[in-house]
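> Under this note's numbering, the residues of the sequence shown are numbered 76 to 234, in order.
Handing you a structure now.
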Amino acid sequence: MEEIIMTSIVGLLMIGGGLFVINSAIAMFRVHDAYERLSAMTPATGLGLPLIVIGVGVEHTWEYRFEWEVWGRVAIIVTAMILVSSVGSNVLGRAVYMSGAPLDPKTMFNDLAEEPAWLADPSSGNNASSEQATPPGIDSAGGSSDANEPEPKTSRDEE
């Protein structure tokens, strides 16, 4: 009876992880641009592969015995997969955007293509050119322009 339960648990973990990976692979063929493809791979790297690795850890524990080394490796692998995939997706997305890859016409929002309101609005009190413009609340030197906030002292102030 215990063997059936453990086999079911391991099977659910591995099949569940495999379904996430297959779902992501199918989604890769159904989406239309590089940005959507990056988003389509998120379930595979965030849930699918970690579930498979955890399933392997559970199977090893059931077949042999509990070993801290095995579960330490499982924890490191799962953590590394999640961290590396999120950083890698961010870097790939930025590279795709900087390359000028076209967006699908059905994409509704492209916040990166719009100028910020404080930069485009001449009534914001910013008389600087677009290269020198700064967000509200920040003076041109990069410090806070809030009058209630004291300026930090620097070594230049003491001279």
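The beta carbon of each residue, even a glycine, is placed where N, CA and C say it ideally should be.
1) For residue 81 and residue 115, what's the separation of their Cα atoms in angstroms?
2) Is residue 121 near residue 88, with beta carbons less than 8 angstroms apart?
3) Please state whether the Cβ-Cβ distance between residue 135 and residue 145 is less than 8 angstroms.
4) On the premise that residue 113 lies in contact with residue 175, defined as a C-beta separation below 8 angstroms, what is that separation, rounded to the nearest angstrom?
5) What is the DSSP secondary structure of residue 175, reduced to helix, strand or coil?
6) Quick check on the DSSP output: the alpha helix (DSSP H) that includes residue 110 runs from which residue to which?
7) Out of curiosity, what's the CA-to-CA distance linking residue 106 and residue 177?
8) With DSSP run on the structure shown, which of helix, strand or coil describes residue 140?
9) Helix, strand or coil: which one does DSSP assign to residue 182?
10) Assuming the contact rule is C-beta atoms closer than 8 angstroms, residue 95 and residue 126 should be a hit. Round their C-beta distance to whole Å, please.
11) Shortest alpha-carbon distance to residue 102 belongs to which of 173, 154, 118, 92?
Result, derived from the coordinates:
1) 31 angstroms
2) no
3) Judged by their CB atoms, residue 135 and residue 145 are nearer to each other than the 8 angstroms cut-off.
4) Not quite, the Cβ-Cβ distance comes to about 16 angstroms (not below 8 angstroms), so this is no contact.
5) coil
6) Element bounds for residue 110: 109 to 115.
7) 13 angstroms
8) Coil at residue 140, not helix or strand.
9) coil
10) Contact between residue 95 and residue 126 holds: their C-beta atoms lie close to 7 angstroms from each other, under 8 angstroms.
11) 118
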